[in-house]
Amino acid sequence: PNAIVIGTQDILHFGTNYVQGALGKRPDVAIVTTPQVGLGYYRARVLAKTGVDLSVLVGAHEATPSVTIAELMVATGRPVFIDSFQANIAKSFPIYPYGAVFRVLPRGTPVPPIEELFAMNKQLFARMRFDYPTPGPGDDLAAQAHEIYAATWRALAGGLAAHPDDQAYAAAMMTALAPQ
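Going letter by letter, the sequence shown gives residues 4 to 183 in our numbering.
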């Protein structure tokens with residue numbers, strides 16, 4: 004609830020706009036699409052949804068403006084998430100996989116134990132519906148979404164060596180969700 008998601012991917016940007024605009028769901032979630040931040044009308048939209056004024060970035064010549072965006076968003080106290088294209092943010096803050104995105108924690112905050120991350124994602128994915136044929140490589144955005152789902156379970160499996168049953172579960176989820 005009340006999260007801020009920083010991303011670049013079209014699937015996140017346009018998918019969320021559809022869910023919020025056309026379906027009227029999850030208006031509490033604010034999406035910040037980093038390539039759009041240079042546009043005045045977009046910064047005004049972000050300000051209205053988050054209370055964060057990104058005009059500080061206009062004319063700035065920072066090497067990593069996405070990190071500044073993350074700092075400003077984390078400072079709101081709202082939960083902040085990123086997509087997999089936010090490498091600079093991922094290198095600058097503690098993060099962990101949460102469904103199709105990564106949770107960004109304030110600097111200095113420890114990442115929850117792998118057992119907690121596994122349980123959290125298991126519960127999250129249990130609420131998702133996958134009662135359709137698994138997309139294949141030619142299925143474009145659907146395949147991209149499934150690769151993101153599989154990557155979450157790949158990351159979790161890598162950290163669960165001390166828990167063979169949980170690691171096997173994560174590996175099975177990774178295989179089941181990956182594009183076929």
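All C-beta atoms, glycine included, are put in the ideal place defined by N, C-alpha and C.
Out of the options, which one is the CA nearest neighbour of residue i?
i	options	result
A90	V107, A148, Q183	V107
S87	G102, E74, L75, G80	G102
L127	Y152, I72, T112	Y152
R125	P82, A174, P97, T112	Sequence inspection shows Lys at residue 125; the Arg mentioned does not correspond to that position. Residue A174 is the option with its Cα nearest to K125.
A179	E150, P167, Y21, I117	E150
I72	V35, P97, G80, G111	V35
Y135	A164, D13, Q183	Q183
E118	D143, G162, G62	G162
CB-CB under 8 Å to residue i, same chain, minus the five flanking residues each way: which ones, in chain order?
i	result
Y99	F105, R106, L108, V114, P115, L120
M123	Y101, P115
Under 8 Å by Cβ, that's how I've got residue i and residue j pegged, so tell me the actual separation to the nearest angstrom.
i	j	result
I85	A78	That pair is no contact at about 15 Å.
I37	I9	First, the residue type needs correcting, since residue 37 is Thr and not Ile in the sequence shown. With 8 Å as the limit, T37 and I9 qualify as a contact, their Cβ atoms being about 6 Å apart.
L60	V40	6 Å
Using DSSP's beta-bridge definition, name the partner residues of residue i.
i	result
P100	F105
I34	V8
I85	I9, F105
Going by the CB atoms, is the gap between residue j and residue i shorter than 8 Å?
i	j	result
A148	G139	no
S58	R46	yes
A160	Q170	yes
V55	L75	yes
R130	N5	no
If I measure Cβ to Cβ from residue i and keep anything under 6 Å in the same chain, skipping five residues before and after, which residues do I get?
i	result
M176	W156
A33	I7, K52, T53
S95	V70
T137	Q183
T67	N91
Leaving out five residues before and five after residue i in sequence, what residues of the same chain have Cβ atoms less than 7 Å from its Cβ?
i	result
Q23	R29, P30
Is residue i near the ligand FAD, with its Cβ less than 7 Å from a heavy atom?
i	result
P100	With respect to the ligand FAD, the structure offers nothing, as it holds no ligand at all.
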